[in-house]
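K.L.:
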Ligand SMILES: [Cu+2]
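Take a look at the structure:
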């Protein structure tokens, strides 16, 4: 049959050309379409879908925009399959891995959190989760929420709503780095590719990145809170926004936050 043959050739080509499978990462797929794409990609390389997903997750770069896609796939996986010890052990290894970048760690923790607590590896039996929603205030160059607190190592789901007429991003940065990162964003506004880079300064002081959110849109971002108790600024680095469009994420150990 010619058509299935062509389809399988196309899958093989896209797999071999990129070392991955492009269509899994395509924007605007429904959850069902994305799962079907994952199954096809895994089949093309003779792997089980969950193993294929875990491999892809382990290769995510820091601040990888596919963190949400893979995280949603992992978090909606069958808890029974995630709880199998071969699978949960791999997820835990990614979460704990030396040098594991932030994106892989976040997706691994989301997958582990999808396993019923009594079936999780002991090390992650208690996973603290919190959802934080922030709005860009129309015509005020400001977030509505100026601070929030989380516990160390907490799994945070941050949602930014943008009802303003301008684009905004949200970066969580190292303690004390607000002005430095804000000024770096201003400078990127004078470079030809600043917008393409969503005004995210290439600095290790940028801990977590939510890229530009268009007017009228919302974006979701998952991250693992730092283990060190401190105050971490969050800021919009769209040029000239940072002075007023910022806030503070306080990481507070539970015993000092009764
Ligand atoms: Cu802004």
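In the numbering used here, the protein residues as written are 278 to 535. Ideal Cβ placement from N, Cα and C applies to all residues, glycine included.
Should the region 485-501 be called in touch with the region 435-443, which here means at least 3 C-beta pairs below 8 Å?
P.N.:
yes
K.L.:
Just checking, does the region 413-425 make contact with the region 386-396 on the three C-beta pairs under 8 Å criterion?
P.N.:
no
K.L.:
Compute the Euclidean distance between the alpha carbons of residue 518 and residue 459, then round it to the nearest angstrom.
P.N.:
8 Å
K.L.:
Would you say the beta carbon of residue 414 is closer than 7 Å to some non-hydrogen atom of ligand 1?
P.N.:
no
K.L.:
Are there three or more Cβ pairs, one per stretch, closer than 8 Å when the region 463-474 is compared with the region 416-435?
P.N.:
no
K.L.:
One question on the structure: do residue 529 and residue 428 come within less than 8 Å of each other, judged by their Cβ atoms?
P.N.:
For residue 529 and residue 428, yes; Cβs fall inside 8 Å.
K.L.:
Does ligand 1 have a heavy atom nearer than 7 Å to the CB of residue 465?
P.N.:
no
K.L.:
Going by CA-CA distance only, name the one from 308, 357, 313 and 319 that's closest to residue 345.
P.N.:
308
K.L.:
Taking the continuous beta strand (DSSP E) assigned at residue 334, which residues delimit it?
P.N.:
Counting along the chain, residue 334 falls outside any beta strand (DSSP E), though it belongs to the alpha helix (DSSP H) covering 326-335.
K.L.:
Rounded to whole angstroms, what is the Cα-Cα separation between residue 464 and residue 509?
P.N.:
Cα to Cα, residue 464 sits roughly 22 Å from residue 509.
K.L.:
Could you tell me which of 496, 523, 521 and 330 sits nearest to residue 342, measuring between CA atoms?
P.N.:
496
K.L.:
Counting only runs that start and end within the region 421-480, where is the beta strand (DSSP E) found for 3 or more residues in a row?
P.N.:
424-427, 432-439 and 445-450
K.L.:
My guess is that residue 359 and residue 330 are in contact by the Cβ rule of under 8 Å, so how many angstroms apart are they, rounded?
P.N.:
Contact flag wrong, Cβ pair sits at about 10 Å.
K.L.:
How many Å lie between residue 300 and residue 494 at the Cα?
P.N.:
24 Å
K.L.:
Which first and last residues belong to the beta strand (DSSP E) in which residue 346 is found?
P.N.:
Per DSSP, residue 346 belongs to no beta strand (DSSP E); it is in the alpha helix (DSSP H), 344-352.
K.L.:
Taking just the CA atoms, how far does residue 443 sit from residue 516?
P.N.:
11 Å
K.L.:
Please list the terminal residues of the continuous alpha helix (DSSP H) segment that includes residue 310.
P.N.:
In the DSSP assignment, residue 310 falls within the alpha helix (DSSP H) that extends over 308-321.
K.L.:
Taking the alpha-carbon positions, what's the residue 445 to residue 512 distance?
P.N.:
9 Å
K.L.:
Beta-carbon within less than 8 Å of residue 366's beta-carbon, same chain only, minus the 5 sequence neighbours each way: which residues are those?
P.N.:
Correct list, in chain order: 398.
K.L.:
Classify residue 305 as buried or exposed, calling it buried when 16 or more other Cβ atoms lie within 10 Å of its own Cβ.
P.N.:
exposed
K.L.:
For residue 443, verify whether its CB is less than 7 Å away from any heavy atom of ligand 1.
P.N.:
It does: the Cβ of residue 443 is within 7 Å (strictly closer) of some heavy atom of ligand 1.
K.L.:
Considering only heavy atoms of ligand 1, does any lie closer than 7 Å to the CB of residue 522?
P.N.:
yes
K.L.:
Near residue 424, which residues of its chain fall below 8 Å by C-beta distance, leaving aside the five closest residues on each side in sequence?
P.N.:
For residue 424, same chain residues with a beta-carbon under 8 Å away, outside a window of 5 residues either side, are 524, 525, 526 and 527 in chain order.
K.L.:
Where does residue 376 land, buried or exposed, given buried means 16+ other C-beta within 10 angstroms?
P.N.:
With fewer than 16 other Cβ atoms within 10 Å, it is exposed.
K.L.:
Please classify residue 382 as buried or exposed, where buried requires at least 16 other C-beta atoms within 10 Å of its C-beta.
P.N.:
Buried, because 16 or more other Cβ atoms sit within 10 Å of the Cβ of residue 382.
K.L.:
Do the CB positions of residue 326 and residue 315 come within less than 8 Å of each other?
P.N.:
yes
K.L.:
Assuming residue 508 is part of the beta strand (DSSP E), what are its boundary residues?
P.N.:
507-512
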